[in-house]
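Trainee:
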Amino acid sequence: MFGTVRVGRFATVALGILFVLGACSTGASPSGAPPTPTGAQPTAAVSQSPAAGPVTITALFMTQAGYTDDEVKAMTDAFTAANPSIKVDLQFVSYEALHEKIVTDQLGGSGQYDIVLQDAIWGPEFAVAGISADVTDSIPADMLSGVFGGVLVGTQYQGRYYGIPWLNDTQYLYYNKTMLQKAGFSAPPSTWDEMEQQALAMKQKGIIDYPFVGQYKQGEALVANWTSTAGGFGMTDFVDAQGNPTFNTGGSLQALEYMKKLLDEGVTNPASTNYVSNDVKGALLSGQAAFGIVWAYVYADSLDPAKSKVVGEIGIAPMAGGGHACNGGMSLAITKNAKHRQEAIDYALYLASQPVEEKYVTAALPMWKSSFEKPELSASAPELWAAAEVAYQGMINRPMVPFYTPLSNALQVALQEALLGQKTPKAALDGVVAQWGSLQSQ
Amino acid sequence: MSHALVSLRSRLQGERWVAVAMIAPATLVILAITVVPLLRAMWMSLFHIVLIRPGVEPFVGLGNYIAELTSPIFWGAMGRTFVLTVSSAGVSLALGLGLGVLMNQPLRGRWLLRSVIILPWALPGVVNAFMWQWIDHAQYGALNALLTQVHLLDTYQNWLGDPGTALWMIVIADIWKNTPLVALLVLAALQTVPKELADAAEVDGADALQVFRRVTLPLIMPMLLVALVLRTIDSIKLFNTIYVMTGGGPANATQTISLYAYKTAFQVFDFGKGATLGWLIAFVTVGFVIVYLLLIRGSARENRP
């Protein structure tokens with residue numbers, strides 16, 4: 000992490016020196032064509048960029064997940080080619096380092112970034128902390144009507160937008176078609192009860208010892224897994240309209256009880272308590288699981304003979320119980336003290352625009368509804384696109400509260416206590432609700 | 000004040016005064032980069048500072064300390080740290096002592112043993128953690144394969160996902176990595192033991208075990224103390240192994256004090272509590288060292304003729 004900061008600072012300083020030299024040597028260069036916003040309404044805030052010379056915006060992205068570094072660079076090059084007055088300094092860090100990097104940069108006083116990639120779960124936290132700027136007035140009308148509703152909700156806090164939606168993802172119910180057929184079923188389960196029945200049948204027929212594998216390691220993935228399960232039991236929100244917690248009742252409680260039940264019945268692989276998404280992928284793609292809940296990236300890997308022993312056998316379906324899975328999307332936040340706010344917004348809107356998203360569909364599916372009506376796009380993976388269309392419409396969010404990190408830490412412990420049998424599901428979740436006051440004040 | 004300076008000056012005559020003046024800049028720099036941050040952290044621990052709520056930093060005095068010392072999460076973490084430290088430091092000390100003595104024997108191929116022993120310690124901590132995570136893996140792990148093939152186990156165990164075994168797997172990974180350090184320190188200390196003493200004791204009729212207990216061990220005791228202190232500090236500080244292997248789970252079963260401090264300071268960004276925990280860890284470490292010193296002094300006094 001520190002290495003990246005030093006490299007980032009060096010790069011920024013080097014760019015700054017080059018910029019100064021360039022501006023000095025060429026004198027007053029004519030300002031280039033104004034940036035081409037994709038239908039954006041210019042905001043009232045005027046950027047502080049000088050009239051002459053290119054403007055450099057500093058952007059922080061994530062590496063090794065979603066779009067590749069090369070794809071982001073390609074998108075950026077296309078943007079800067081169309082907008083010669085804007086230069087973009089790209090930086091990449093791993094997802095694990097992203098949250099800390101954004102917070103320490105923005106609140107540690109240095110504030111070098113104009114635009115950062117933020118996870119849906121950090122949205123409220125960044126909004127309240129004054130890290131992300133309110134961009135409600137910059138979101139174009141075609142985005143508000145053309146993008147899936149669940150995606151838009153994931154970038155809002157208290158009715159205002161604190162990010163431009165961009166990188167969309169959700170979880171799916173993966174299943175092994177061969178094992179399903181051997182057990183006598185022709186379609187993946189549409190409810191959680193059905194999945195339990197199918198899994199038990201597979202176990203009893205000796206097709207597989209542990210049909211289901213979950214991401215139950217103490218970490219964020221566990222909360223996401225639980226959210227995806229809870230959607231199928233009718234949960235829509237973790238807190239009510241007044242901000243009071245409701246997750247110790249209703250669908251979320253039933254989901255936890257269901258997860259525990261499957262472990263007790265021997266349906267869920269007991270090794271799941273130390274599994275994250277890559278372990279679930281490993282189990283599915285080596286033919287050692289019949290069902291698994293995990294993100295979209297596993298589908299492409301399942302078709303790769305170098306990574307999968309079950310090429311063509313892995314099916315992907317929307318989450319059981321109506322396709323309400325956890326929103327794992329990330330949006331582009333414009334920092335509040337961004338030096339070049341309008342340029343950053345233009346850049347973000349370009350990246351999020353439908354043509355750009357449709358160009359890079361192998362890495363991430365577009366968030367635009369009408370993209371799913373274009374057969375030339377979905378032809379490469381029709382099963383994935385069909386599942387995604389249902390899943391994107393039904394996406395639900397983890398608790399959208401500014402104190403999400405301590406809440407998630409407490410939930411992770413409680414969920415594990417319930418799954419390991421140390422507490423009943425109700426007692427475990429009640430324990431988190433009991434801490435609500437102290438969690439809020441942190 | 001001036002009287003003290005004058006007497007100070009008179010004591011530090013000539014060369015000594017020059018020596019002090021030469022060392023002073025380096026000392027000041029070291030003080031600045033170690034003592035100043037420590038004091039700042041102490042100051043920070045008296046406030047309620049949460050980074051994502053800037054501008055709201057009330058003074059709470061000892062409030063953070065009281066909150067932590069009455070928190071069951073804190074004491075749970077302390078308990079696990081204690082278990083980890085005692086078992087890891089204790090076992091690695093015993094093993095390292097044995098290995099050091101072994102490497103000191105005139106064996107054929109001793110050079111190979113001395114070269115290979117350094118490998119676990121040379122491994123980066125994160126690499127060691129990932130390696131042990133794979134060894135302990137519930138479905139593909141070498142440990143499970145080995146134990147089932149020699150029929151010590153019937154089925155594969157979930158070593159890292161079971162709260163009863165997870166901490167012990169961390170202890171094993173820590174012991175494996177750090178025992179070489181103790182072995183090398185012991186070997187170095189053994190080199191300084193004059194052979195004539197052992198020979199004289201043998202002539203007096205002592206057997207090998209008595210020679211070791213009465214002659215060798217007291218002479219290498221200072222080095223053993225150093226090794227014990229280093230191992231204790233390492234175990235209390237242990238972070239990357241736990242973070243990679245279990246992330247503090249399952250259900251906080253491997254959440255030691257260093258992991259708890261990290262989560263508080265760098266995930267929740269509660270810097271006030273984080274500084275508090277940092278200082279509490281320092282107090283605990285110093286406490287351990289004082290206990291060691293007292294024990295060693297006590298036994299040294301016993302052994303004096």
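Chains X and F, in that order, give the protein sequences. When we follow numbering that gives the first Met the number 0, the leftmost residue of the first sequence carries the number 0, and every step to the right adds one. When we follow numbering that gives the first Met the number 0, the leftmost residue of the second sequence carries the number 0, and every step to the right adds one. Backbone N, C-alpha and C define an ideal beta-carbon position, used for all residues, glycine too. Please read these numbers as outputs of a predicted model, since none were measured by experiment.
1. How big is the Cα-Cα spacing for F:Leu-229 and F:Gly-89?
2. Using a C-beta to C-beta distance shorter than 7 Å, which residues of chain X count as neighbours of F:Lys-262?
3. Can you tell me whether F:Val-288 is helix, strand or coil according to DSSP?
4. Three or more beta-carbon pairs under 8 Å between the segment 275-282 of chain F and the segment 177-196 of chain F, yes or no?
5. Helix, strand or coil for F:Ile-241, going by three-state DSSP, please let me know.
6. Between X:Val-412 and chain F, is the shortest Cβ-Cβ distance under 7 Å, so that the two count as touching?
7. Please confirm if X:Glu-416 has its CB atom under 7 Å from at least one CB of chain F.
8. Count the other CB atoms within 10 Å of the CB of X:Gln-47; is the residue buried (16 or more) or exposed (fewer)?
9. Strictly under 7 Å for the Cβ-Cβ distance: is X:Ala-426 near chain F by that measure?
10. Determine, for X:Val-19, whether the minimum Cβ-Cβ distance to residues of chain F falls below 7 Å.
11. Return the first residue and the last residue of the alpha helix (DSSP H) that X:Met-142 is part of.
12. When Cβ atoms are compared, which residues of the segment 236-264 of chain F fall closer than 8 Å to chain X?
13. Kindly list, in the order they appear in chain X, the residues whose Cβ is closer than 9 Å to that of F:Val-267.
14. Does any residue of chain X have a CB that is nearer than 7 Å to the CB of F:Ile-65?
15. Report, in whole angstroms, the separation of the C-beta atoms of X:Gln-105 and X:Thr-404, which I expect to be a contact under 8 Å.
16. Report the option in X:Val-432, X:Gln-217 and X:Pro-374 whose CA atom is closest to the CA atom of X:Ser-276.
17. X:Leu-89 bridges to which residues according to DSSP?
18. Quick check on DSSP: helix, strand or coil for F:Ala-88?
19. CA-CA distance, F:Tyr-155 and F:Ser-86?
20. Run down chain X in chain order and give the residues with a C-beta less than 8 Å from the C-beta of F:Pro-53.
21. Is it right to say X:Thr-190 is buried, meaning 16 or more other beta carbons lie within 10 angstroms of its own, or is it exposed?
22. Determine the burial state of X:Arg-340: buried for a count of at least 16 other Cβ atoms within 10 Å of its Cβ, exposed for fewer.
23. Would you kindly work out how many angstroms separate the C-alpha atoms of F:Leu-118 and F:Leu-227, rounded to a whole number?
24. Taking all protein chains shown into account, do 16 or more other C-beta atoms lie within 10 angstroms of the C-beta of X:Gln-415, making it buried, or fewer, making it exposed?
25. Can you find the residues in the same chain that come closer than 6 Å, C-beta to C-beta, to X:Pro-41, ignoring five residues on each side of it along the sequence?
26. What's the call for F:His-47, buried or exposed, on a 16-neighbour Cβ count within 10 Å?
27. Within the same chain, show all residues whose beta-carbon is closer than 8 Å to that of F:Ile-116, passing over the 5 residues directly before and after it, in chain order.
28. Pull up the distance between the alpha-carbon of X:Leu-20 and that of X:Ser-84, whole angstroms please.
29. Can the beta-carbon of X:Tyr-209 be found closer than 7 Å to that of X:Asn-268?
30. Looking at X:Trp-121 and X:Leu-331, is the spacing between their C-beta atoms short of 7 Å?
Mentor: Answer, in terms of the structure:
1. Along the second sequence, one-based indexing puts residue 229 of chain F at 230. Along the second sequence, one-based indexing puts residue 89 of chain F at 90. Their backbone Cα atoms lie some 12 Å apart in a straight line.
2. Start at 1 with the first residue of the second sequence, and residue 262 of chain F comes out as number 263. Ordered by position in chain X, the residues that pass the 7 Å Cβ test against F:Lys-262 are Asn-408.
3. As a working note, residue 288 of chain F is residue 289 in the second sequence. Looking at F:Val-288 - three-state DSSP - the assignment turns out to be helix.
4. no
5. Your numbering for residue 241 of chain F matches position 242 in the second sequence. F:Ile-241: helix per DSSP, three-state reduction.
6. Looking up residue 412 of chain X in the first sequence gives position 413. By this cut-off, X:Val-412 is an interface position.
7. To locate residue 416 of chain X, count along the first sequence from 1; it is residue 417. Answer yes: the Cβ-Cβ gap between X:Glu-416 and chain F drops below 7 Å somewhere.
8. As a position in the first sequence, residue 47 of chain X is number 48, starting the count at 1. At X:Gln-47 the pLDDT is 48, less than 50, meaning the model places this residue with poor confidence; the figure from the coordinates comes in the next sentence. Result: exposed.
9. Position 427 of the first sequence, counted from the start, is the residue given in the question as residue 426 of chain X. X:Ala-426 does not count as touching chain F.
10. Along the first sequence, read from residue 1 onward, the residue named residue 19 of chain X stands at position 20. With a pLDDT of 43 at X:Val-19, under the threshold of 50, the modelled position of this residue cannot be trusted; read the value that follows with caution. With 7 Å as the cut-off, X:Val-19 does not count as an interface residue toward chain F.
11. To locate residue 142 of chain X, count along the first sequence from 1; it is residue 143. Note, X:Met-142: alpha helix (DSSP H), 140-145.
12. Thr-245, Gly-246, Gly-247, Gly-248, Pro-249, Ala-250, Asn-251 and Lys-262
13. On the second sequence, position 268 is the one that residue 267 of chain F refers to. Chain X residues near F:Val-267: Phe-402, Thr-404, Pro-405, Asn-408 and Gln-441.
14. In the second sequence, the residue the question calls residue 65 of chain F occupies position 66. So, not an interface residue.
15. Mapped onto the first sequence, residue 105 of chain X falls at position 106. Mapped onto the first sequence, residue 404 of chain X falls at position 405. Contact doesn't hold; Cβ gap of about 15 Å is too wide.
16. Taking the first residue of the first sequence as 1, we reach residue 276 of chain X at position 277. Comparing Cα positions, the closest option is X:Gln-217.
17. Within the first sequence, the letter at position 90 stands for residue 89 of chain X. DSSP, once it has assigned bridges, lists X:Ala-58 as partnering X:Leu-89.
18. For the purposes of this step, residue 88 of chain F is identified with residue 89 of the second sequence, where counting begins at 1. Here F:Ala-88 sits in helix by DSSP.
19. Reading the second sequence from its first residue, position 156 is the one you call residue 155 of chain F. Reading the second sequence from its first residue, position 87 is the one you call residue 86 of chain F. Each residue's Cα considered, the two are about 25 Å apart.
20. For the purposes of this step, residue 53 of chain F is taken as the residue at position 54 of the second sequence. Going along chain X in sequence order, the residues near F:Pro-53 (Cβ under 8 Å) are Leu-106, Ala-128 and Gly-129.
21. Residue 190 of chain X sits at position 191 when you count from the first residue of the first sequence. By the neighbour-count rule (16 or more Cβ atoms within 10 Å), X:Thr-190 is not buried but exposed.
22. Numbered from 1 along the first sequence, position 341 holds the residue referred to as residue 340 of chain X. Under this definition X:Arg-340 is a buried residue.
23. In the second sequence, the residue the question calls residue 118 of chain F occupies position 119. In the second sequence, the residue the question calls residue 227 of chain F occupies position 228. Rounded to whole angstroms, F:Leu-118 to F:Leu-227 spans 20 Å at the Cα level.
24. As a working mapping, residue 415 of chain X is identified with position 416 in the first sequence. Buried, because 16 or more other Cβ atoms sit within 10 Å of the Cβ of X:Gln-415.
25. Counting from 1 along the first sequence, the entry for residue 41 of chain X is found at position 42. At X:Pro-41, the pLDDT of 41 sits below 50, so the modelled position is not reliable; the number obtained from the coordinates is stated separately. There are no such residues.
26. Along the second sequence, read from residue 1 onward, the residue named residue 47 of chain F stands at position 48. When all chains shown are included, F:His-47 counts as buried.
27. On the second sequence, position 117 is the one that residue 116 of chain F refers to. Excluding residues within five positions, the ones whose Cβ falls inside 8 Å are Leu-98, Met-102, Pro-179, Ala-182 and Leu-183.
28. Indexing the first sequence from 1 puts residue 20 of chain X at position 21. Indexing the first sequence from 1 puts residue 84 of chain X at position 85. Legend: pLDDT at X:Leu-20 = 44, less than 50; position of this residue unreliable, no value from coordinates given.
29. Within the first sequence, residue 209 of chain X is the residue found at index 210, counting from 1. Within the first sequence, residue 268 of chain X is the residue found at index 269, counting from 1. Yes, Cβ-Cβ distance for X:Tyr-209 and X:Asn-268 is below 7 Å.
30. Position 332 of the first sequence, counted from the first residue, corresponds to residue 331 of chain X. Position 122 of the first sequence, counted from the first residue, corresponds to residue 121 of chain X. Result no, Cβ atoms of X:Leu-331 and X:Trp-121 do not sit closer than 7 Å.
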